[in-house]
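Novice:
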Amino acid sequence: MKDLFSDNSALYQQARPSYSAEIIEQILNYVPEKGLAWDCGAGSGQFTSWLAPDFQQVLATDLSAAQLAQAPQVSNVRYLQAAAEESGLPDCSADLVTVAQAIHWFDFDTFYAEVKRVLKPQGCLAVIGYGLIEAEDPQLQQLIQHLYKNTLNGYWDAERRYIDECYQSIPFPFEELSVSDVQLNYCWSGRQLLDYFQTWSGLKHYIHLTGGNPLADLSAFFQRMPEQQYQVQFPVLLRIGR
């Protein structure tokens, strides 16, 4: 598993989208017992926080100690720096394993072997992600598309393609359960959007390799109306298996 997000982990915690009650409800429909959940690749706890109210215990693991340090402290959540393949959990102990916006970085075979080891017989794996941000403003949407597909072309890690393919191309050796379409909706300022773009791994690679500013056009666009708020959406990627 790659660690691309330890640098500026505070910004990641602040600027990345959260999740929603609709997502957690779809997952919990398939989880008969709620003793222990393992949130793998938990980062700064964006999805962990949604699990804590419904489970007696939550284990949240991530390769990045810097990311985990940004996570909220909750009484029934234990944070552990660990690779995705090494939960440290006993066999058949977890009712639910979740991975939010991280599975594309994993070694699938070793991670899935660990999931199958720790899940109870009726336990579930839920893989959650979100696709490319979409803006209702046509000019902003065009600028985002140009940044993603043109400016940063060649600077994304190869694993990014799994998100572009809506997680449908990842191996998924489980009995797949049905889910409904969901999206995340936000009203963000230009500053919030620029902060979000700065968490992109492809953008970080671009700056490191070229020294250029890939956000210049977007910054100029937002400066025209600094107080403007923009309606944006993220398509949710969700697969649940038993």
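Residue numbers (this note's numbering): 7 to 248.
All residues carry an ideal CB built from backbone N, CA and C; glycine is no exception.
Every value quoted in this text rests on a predicted model; they were computed, and no experiment measured them.
If we call anything under 8 angstroms between Cβ atoms a contact, is Arg22 one with Thr205?
Specialist: For the purposes of this step, residue 22 is taken as residue 16 along the sequence shown, with counting starting at 1. For the purposes of this step, residue 205 is taken as residue 199 along the sequence shown, with counting starting at 1. Yes, these two residues count as a Cβ contact at 8 angstroms.
Novice: Pull up the DSSP beta-bridge partners for Leu57, would you.
Specialist: Position 51 of the sequence shown holds residue 57. DSSP lists no partner for Leu57.
Novice: Considering just the uninterrupted stretch of the beta strand (DSSP E) at Ser195, what are its terminal residues?
Specialist: Locating residue 195 in the sequence shown gives position 189, counting from the first residue. Segment 189 to 195, the beta strand (DSSP E) holding Ser195.
Novice: Which residue wins for smallest C-alpha separation from Leu199, given the options Leu42, Gly51, Phe227?
Specialist: Position 193 of the sequence shown holds residue 199. Checking every option, the nearest Cα to that of Leu199 belongs to Phe227.
Novice: According to DSSP, what are the bridge partners of Gly247?
Specialist: If you number the sequence shown from 1, residue 247 lands on position 241. Gly247 is bridged to Leu131, Glu182.
Novice: On the CB-based measure, 16 or more other CB atoms within 10 Å of its CB, does Arg245 come out buried or exposed?
Specialist: Taking the first residue of the sequence shown as position 1, residue 245 is located at position 239. Residue environment: Arg245 is assigned as buried (16 or more neighbouring CB atoms within 10 Å of its CB, all protein chains considered).
Novice: Taking only the alpha-carbon atoms, compute the straight-line gap between Tyr236 and Leu42 and give it to the nearest angstrom.
Specialist: Taking the sequence shown and counting its residues from 1, one reaches residue 236 at position 230. Taking the sequence shown and counting its residues from 1, one reaches residue 42 at position 36. Between Tyr236 and Leu42, the C-alpha separation is close to 38 angstroms.
Novice: Going by Cα to Cα distance, which pick from Gln229, Met231, Glu140, Tyr154 is closest to Gln189?
Specialist: Taking the first residue of the sequence shown as position 1, residue 189 is located at position 183. The option with the nearest alpha carbon to Gln189 is Glu140.
Novice: Thinking Val185 and Gln63 are a contact (beta carbons under 8 angstroms), I'd like their distance in whole angstroms, please.
Specialist: Here the question's residue 185 lines up with position 179 in the sequence shown. Here the question's residue 63 lines up with position 57 in the sequence shown. Your pair Val185 and Gln63 does not check out as a contact, with CB atoms roughly 25 angstroms apart and the cut at 8 angstroms.
Novice: With distances taken from CA atoms, which of Val238, Cys46, Tyr202 is nearest Ile134?
Specialist: The count along the sequence shown starts at 1 and reaches residue 134 at position 128. Closest option to Ile134, Cα to Cα, is Cys46.
Novice: Measure from the alpha carbon of Pro241 to the alpha carbon of each residue in Ala100, Asn191, His214, then state which is nearest.
Specialist: The sequence position of residue 241 within the sequence shown is 235, counting from 1. Out of Ala100, Asn191, His214, Asn191 has the C-alpha closest to the C-alpha of Pro241.
Novice: Drop a sphere of 10 angstroms on the beta-carbon of Asp68, count the other beta-carbons inside from all chains shown, and report buried for 16 or more, exposed for fewer.
Specialist: Against the sequence shown, residue 68 aligns to sequence position 62. When all chains shown are included, Asp68 counts as buried.
Novice: How would you call His110, buried or exposed, if buried means at least 16 neighbouring beta carbons within 10 angstroms?
Specialist: If you number the sequence shown from 1, residue 110 lands on position 104. The residue in question, His110, is buried, as its Cβ has 16 or more Cβ neighbours within 10 Å.
Novice: Does Ala108 pass the burial test, meaning 16 or more other C-beta atoms within 10 Å, or should it be called exposed?
Specialist: Counting from 1 along the sequence shown, the entry for residue 108 is found at position 102. Classification of Ala108: buried, given that the 10 Å Cβ count is 16 or more.
Novice: Flag this pair as yes or no: are the beta carbons of Lys155 and Asp101 separated by less than 8 angstroms?
Specialist: For the purposes of this step, residue 155 is identified with residue 149 of the sequence shown, where counting begins at 1. For the purposes of this step, residue 101 is identified with residue 95 of the sequence shown, where counting begins at 1. Against a cut-off of 8 angstroms, the Cβ pair of Asp101 and Lys155 comes out as no contact.
Novice: Report the rounded CA-to-CA distance for Leu65 versus Phe112, giving the unit in angstroms.
Specialist: Taking the sequence shown and counting its residues from 1, one reaches residue 65 at position 59. Taking the sequence shown and counting its residues from 1, one reaches residue 112 at position 106. So the alpha carbons of these two residues sit roughly 18 angstroms apart.
Novice: Would you check if the distance between the CB atom of Tyr85 and the CB atom of Trp56 is smaller than 8 angstroms?
Specialist: Taking the first residue of the sequence shown as position 1, residue 85 is located at position 79. Taking the first residue of the sequence shown as position 1, residue 56 is located at position 50. Result no, Cβ atoms of Tyr85 and Trp56 do not sit closer than 8 angstroms.
Novice: Do Glu181 and Arg248 have their beta-carbon atoms positioned less than 8 angstroms apart in this structure?
Specialist: As a position in the sequence shown, residue 248 is number 242, starting the count at 1. As a position in the sequence shown, residue 181 is number 175, starting the count at 1. Yes, Cβ-Cβ distance for Arg248 and Glu181 is below 8 angstroms.
Novice: Are the Cβ atoms of Ala90 and Phe61 separated by less than 8 angstroms?
Specialist: What you label residue 90 is simply residue 84 of the sequence shown in a count that begins at 1. What you label residue 61 is simply residue 55 of the sequence shown in a count that begins at 1. Against a cut-off of 8 angstroms, the Cβ pair of Phe61 and Ala90 comes out as no contact.
Novice: Flag this pair as yes or no: are the beta carbons of Gln73 and Ser99 separated by less than 8 angstroms?
Specialist: Looking up residue 73 in the sequence shown gives position 67. Looking up residue 99 in the sequence shown gives position 93. No, they are not a contact pair.
Novice: Hey, Val80 and Ala58 are a contact pair by Cβ (cut 8 angstroms); roughly how many whole angstroms apart?
Specialist: What you label residue 80 is simply residue 74 of the sequence shown in a count that begins at 1. What you label residue 58 is simply residue 52 of the sequence shown in a count that begins at 1. Contact flag correct, Cβ pair sits at about 5 angstroms.
Novice: At a cut-off of 7 angstroms, would you count Phe117 as near the ligand MN, judging by its Cβ distance to the nearest heavy atom?
Specialist: Among the components modelled here there is no ligand, and therefore nothing to report on the ligand MN.
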